[in-house]
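Here is the structure we will look at, set down as structure tokens.
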Amino acid sequence: MPTWLGGRGFASRYGVNMAIEMIFWDNDGVLVETEPLYFQATCEVFAELGVTLSRQDYEETYLRDNRGAWHLLGDCAADLNWLEAQRLRRNARYTELLHANSTVCPGAEAVLAALYPSTRMAVVTSSRGEHFEAIHETTGFRRFFEFVLVREDYAQSKPDPESYLLALRRSGCPPASALVIEDSPRGLAAATAAGLRCWVIPSTLTLTENADWAAADRVLGSITEIPALLKSAPLNPQQ
25 MPTWLGGRGF ASRYGVNMAI EMIFWDNDGV LVETEPLYFQ ATCEVFAELG
75 VTLSRQDYEE TYLRDNRGAW HLLGDCAADL NWLEAQRLRR NARYTELLHA
125 NSTVCPGAEA VLAALYPSTR MAVVTSSRGE HFEAIHETTG FRRFFEFVLV
175 REDYAQSKPD PESYLLALRR SGCPPASALV IEDSPRGLAA ATAAGLRCWV
225 IPSTLTLTEN ADWAAADRVL GSITEIPALL KSAPLNPQQ
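The sequence shown runs 25 to 263 under the working numbering.
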């Protein structure tokens with residue numbers, strides 16, 4: 025995995041010496057490896073309904089945008105009450121899997137601990153609140169973040185920029201001093217649409233030949249690369 029993709033470049037929009045005041049972390053696939061569990065829970069519900077959900081289907085409907093794959097269930101999906109019941113079944117199964125599996129990405133806790141004394145941090149996630157709490161009831165990560173925005177906190181999910189625009193308002197941080205860490209094409213799209221720099225760490229589900237990271241400022245192989253990269257960036261702003 026390359027650590028640098030030409031693209032727009034780290035400094036191309038903000039000048040070569042822009043300091044980073046605040047990091048907005050995505051959660052799933054960046055801090056915790058939960059995407060495979062969500063995929064598994066969704067596949068299980070689909071299978072019980074006689075439909076096979078392929079990895080490609082999941083990538084196109086969950087990781088590139090927020091459509092979901094429920095339309096693959098055919099005419100039944102037109103019944104909104106029935107559809108909501110299937111979503112609740114999937115969410116319940118996902119919660120079970122979260123409680124049964126260790127999901128912390130290697131190096132995540134050490135990176136957060138290293139950055140915490142000098143860098144403001146928050147989480148901007150598409151996870152529902154109940155799932156975020158289930159994930160982090162044992163990680164201890166909440167102590168590192170000024171705030172957490174979950175799916176219930178905003179109307180339009182990624183790739184819409186609303187969640188990151190809300191994070192900017194909540195933090196009071198200028199866009200030029202903020203950095204987003206994402207793992208998916210739709211997260212990258214949300215960050216860039218909000219006018220934010222974005223570094224991408226592809227996860228096991230988003231590291232595919234179809235993924236387009238051209239809009240990213242950096243593409244990393246591991247979360248553990250971040251502290252050194254931040255230290256290597258000059259600290260005196262230049263417009």
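Positions of the beta carbon are idealized from the N, C-alpha and C atoms, including for glycine.
| Asked | Found |
| --- | --- |
| Segment contact, 8 Å Cβ cut-off, at least three pairs: the segment 110-123 with the segment 131-143 | no |
| Given 8 Å, three or more beta-carbon pairs between the segment 44-52 and the segment 90-101 | no |
| Residue of 149, 248 and 79 minimising C-alpha distance to residue 188 | 149 |
| Any 3 or more C-beta pairs closer than 8 Å across the segment 203-212 and the segment 162-175 | no |
| Buried/exposed call for residue 182, threshold 16 Cβ in 10 Å | buried |
| Whole beta strand (DSSP E) elements within the segment 174-238, 3-residue minimum | 202-206 and 221-224 |
| Cβ-based burial, residue 237 [other Cβ within 10 Å; buried from 16] | buried |
| Residue 106 - containing alpha helix (DSSP H), residue span | 104-124 |
| Presumed contact (8 Å Cβ cut-off) between residue 186 and residue 179, rounded CB distance | 6 Å |
| Proximity winner among 59, 74 and 200, relative to residue 118 (alpha-carbon distances) | 59 |
| Sheet register partners of residue 242 (DSSP bridge) | 223 |
| Closest residue to residue 71 among 114, 80, 230 and 161 (Cα-Cα distance) | 114 |
| C-alpha gap between residue 200 and residue 227, whole angstroms | 26 Å |
| When 146, 73, 232 and 126 are compared against residue 100, the one with the closest alpha-carbon | 73 |
| Between the CA atoms of residue 55 and residue 128 - distance to the nearest angstrom | 6 Å |
| Coil, strand or helix - residue 65 by DSSP | helix |
| Inter-residue spacing [alpha-carbon to alpha-carbon] between residue 252 and residue 83 | 31 Å |
| Spatial distance of residue 52 from residue 122 (CA atoms) | 12 Å |
| Residue 146 (DSSP reduced to helix, strand or coil) | strand |
| CB contact flag (residue 146, residue 172, <8 Å) | yes |
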